[in-house]
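Asker: Attaching a single structure in structure tokens format; questions to follow.
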Amino acid sequence: MLQFNRQVLSLVSASLLLGSFSIGHSFESAHAVPPNLANLIAQSSNAEALLEQGNAKYAKKDYRGAISDYSDAIRLKPNYALAYFNRGTVKSALGDKQGANSDYTDAIRINQNWGSRSLADAYYNRGLAKYGLGDKQSAIVDYNAAIRLNPNDADMYTGRGVAKYDLGDKQGAITDFNDAIRLNPNYALAYYNRGNVKRKLGDKQSAIANYNAAIRLKPDYADAYNNRGNAKSDLADRQGAIADYNEAIRLKPNYALAYFNRGLAKYNSGDKQGANSDYTDAIRINQNWGSRSLADAYYSLGLAKYDLGDKQSAIANYNAAIRLKPDYADAYNNRGLAKSDLGDKQGAIADYNESIRLKNSELHLPYYNRGLAKSALGDKQGADSDYNEAIRLNSNYPNAYYSRGLIKKERGDKQEALADFWKASELYQQQGNTEWYNKSLDRIRELGG
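Written as structure tokens, this is what we have:
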């Protein structure tokens, strides 16, 4: 009798990011652009005129030129807070968060009687820069200062809510998003962010309601469709989820994460070929996911390839996942399964060993699978030991009882074998696995039980 070697494979859930928000408020100008701007600059090298010229270049996305003009304005007028503020905003847009942080700090230090709203913007923008640098706690301090100066700005509450969320204060984040929505009932981003937090807190229906509001306010909100699909998938509404992923992809054709999530939904619906296609597209697009997220796509593609019977391609994809994420315990375990199916039992055992060393989150699985490989190589004692460990780690795993029962049956331990088959049959019945429930009863009858 062949031993039962099917593993229940766990899928990787897609990570969710809170939406991006604007880099800053509308640009501050010293005054209206004078009609004779060029002459004014040529004749007097006026700092205010340079600021206006920098603003015009910023509007045309000539960011380097804008920075040059603001720098010249600061050279002429060293305490020109507004020029520091605008230069900081352009630096932030270029990704220079450290330079932006420095310029906003100078703008706040100088504080040329801006009034509370302008100073609030400087604190807010510096908070964004600090957030971008990973200093979430300092970002919150700046958002607090901004809100104290201007308590009626929805963006500031949203920025603080995102930082609180990242630091684990989910209820505090929801409170801030609530305030943002109170101040601006048409703020799609605040609904979207609140939906993300609600989902993380397990309130899937409320998350969907928030995504609905975000989509109603912003019908082309691809991220909201994607994340609503995730919430629907959580509730086992896979067709509804797939419809949302379809819409996200229609709105954003190179949306790798939506392809990946749609692949997960298709896989869980039994459409392995469709999942294979979506994972392939997600990998092809690869929208700067980072190595760990791309590793999940390769891993999931490996699962689909395995289920479609293409074991060599499955191994190639697990290899790619492991190369990107060397501590990927699940990928080692599942690569071991594919190797075992292709007859490479020693290679499979090596992979199961690594999965065990890396503390697989379902540690009983690599122990059980290693037991199967050892048994196939004739090491019944080693197999028995691994099945024992699998049962110790998960006493409700019927496969291990069934396979251990086979070993006990082979060596003539009738009563112990019967006990294992009875336990396996009981668990299979509880799990609704009729096929293996009946096979367990067949083994019991063979032993006269």
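Each number in the working numbering corresponds to the 1-based position in the sequence shown with 197 added.
Yeah, the Cβ is synthetic: ideal placement off N, Cα and C, and Gly gets one too.
None of these values were measured; they are calculated from a predicted model.
Please state whether the Cβ-Cβ distance between Tyr340 and Tyr362 is less than 9 Å.
Answerer: Counting from 1 along the sequence shown, the entry for residue 340 is found at position 143. Counting from 1 along the sequence shown, the entry for residue 362 is found at position 165. No. Outside cutoff.
Asker: According to the neighbour-count rule (16 or more other Cβ atoms, all chains shown, within 10 Å of its Cβ), is Gln250 buried or exposed?
Answerer: Taking the first residue of the sequence shown as position 1, residue 250 is located at position 53. Looking at its Cβ environment, which holds 16 or more other Cβ atoms inside 10 Å, Gln250 is buried.
Asker: Alpha helix (DSSP H) containing Lys288: first to last residue?
Answerer: One-based indexing of the sequence shown puts residue 288 at position 91. Segment 278 to 290, the alpha helix (DSSP H) holding Lys288.
Asker: Name the two residues that bound the continuous alpha helix (DSSP H) containing Tyr389.
Answerer: On the sequence shown, residue 389 is found 192 positions in, with the first residue counted as 1. Unbroken alpha helix (DSSP H) run through Tyr389: 385 to 397.
Asker: Classify Gly262 as helix, strand or coil using the three-state DSSP reduction.
Answerer: Reading the sequence shown from its first residue, position 65 is the one you call residue 262. Here Gly262 sits in helix by DSSP.
Asker: Tell me which same chain residues have a C-beta within less than 8 Å of the C-beta of Gln628, skipping the five on either side of it?
Answerer: Counting from 1 along the sequence shown, the entry for residue 628 is found at position 431. The answer, listed in chain order, is Pro595.
Asker: With a 10 Å radius around its C-beta and 16 neighbouring C-beta atoms as the bar for buried, classify Asn322 as buried or exposed.
Answerer: Position 125 of the sequence shown holds residue 322. Flag for Asn322 reads buried.
Asker: Do three or more CB pairs link the stretch 374 to 389 to the stretch 397 to 405 at distances below 8 Å?
Answerer: Verdict: no, contact absent.
Asker: Should Leu562 and Ser552 be called a contact, given that it needs their Cβ atoms to be closer than 9 Å?
Answerer: In the sequence shown, the residue the question calls residue 562 occupies position 365. In the sequence shown, the residue the question calls residue 552 occupies position 355. Yes, these two residues count as a Cβ contact at 9 Å.
Asker: Ala511 and Ala494: beta carbons closer than 9 Å?
Answerer: Along the sequence shown, read from residue 1 onward, the residue named residue 511 stands at position 314. Along the sequence shown, read from residue 1 onward, the residue named residue 494 stands at position 297. The answer is no: Cβ separation not under 9 Å.
Asker: By a C-beta neighbour count over all protein chains shown, 10 Å radius and 16 as the cutoff for buried, is Glu643 buried or exposed?
Answerer: Within the sequence shown, the letter at position 446 stands for residue 643. So Glu643 counts as exposed.
Asker: In this structure, does DSSP put Pro563 in helix, strand or coil?
Answerer: Here residue 563 refers to the residue found at position 366 of the sequence shown. Pro563 falls in the helix class under three-state DSSP.
Asker: So the candidates are Ala326, Asp478, Gln626; which of them puts its Cα closest to the Cα of Asn593?
Answerer: The count along the sequence shown starts at 1 and reaches residue 593 at position 396. Minimum Cα distance to Asn593 is reached at Gln626.
Asker: Measure the alpha-carbon distance for Asp434 versus Glu607 and round it to whole angstroms.
Answerer: The sequence position of residue 434 within the sequence shown is 237, counting from 1. The sequence position of residue 607 within the sequence shown is 410, counting from 1. One C-alpha to the other measures close to 46 Å.
Asker: According to the Cβ coordinates, are Arg589 and Phe618 closer than 9 Å?
Answerer: On the sequence shown, position 392 is the one that residue 589 refers to. On the sequence shown, position 421 is the one that residue 618 refers to. No, the Cβ-Cβ distance between Arg589 and Phe618 is not below 9 Å.
Asker: Excluding the 5 residues preceding and the 5 following Asn473 in the sequence, name in chain order all residues of the same chain whose CB lies nearer than 7 Å to its CB.
Answerer: Position 276 of the sequence shown holds residue 473. Leu498, Ala501, Lys502, Leu505.
Asker: Please specify which runs of the beta strand (DSSP E), each continuous and at least 3 residues long, are wholly inside the stretch 529 to 595, giving them in chain order.
Answerer: Those beta strand (DSSP E) runs which fall completely within the stretch 529 to 595 and span 3+ residues do not exist here.
Asker: What first and last residue would you give for the alpha helix (DSSP H) that runs through Ala438?
Answerer: Here the question's residue 438 lines up with position 241 in the sequence shown. Run containing Ala438: 435 to 448, per the alpha helix (DSSP H) assignment.
Asker: According to DSSP, is Trp633 part of a helix, a strand, or is it coil?
Answerer: By one-based count along the sequence shown, residue 633 stands at place 436. Note: Trp633 maps to helix in three-state DSSP.
Asker: Determine the DSSP secondary structure at Lys257, reduced to helix, strand or coil.
Answerer: Here residue 257 refers to the residue found at position 60 when the sequence shown is read from its first residue. Here Lys257 sits in coil by DSSP.
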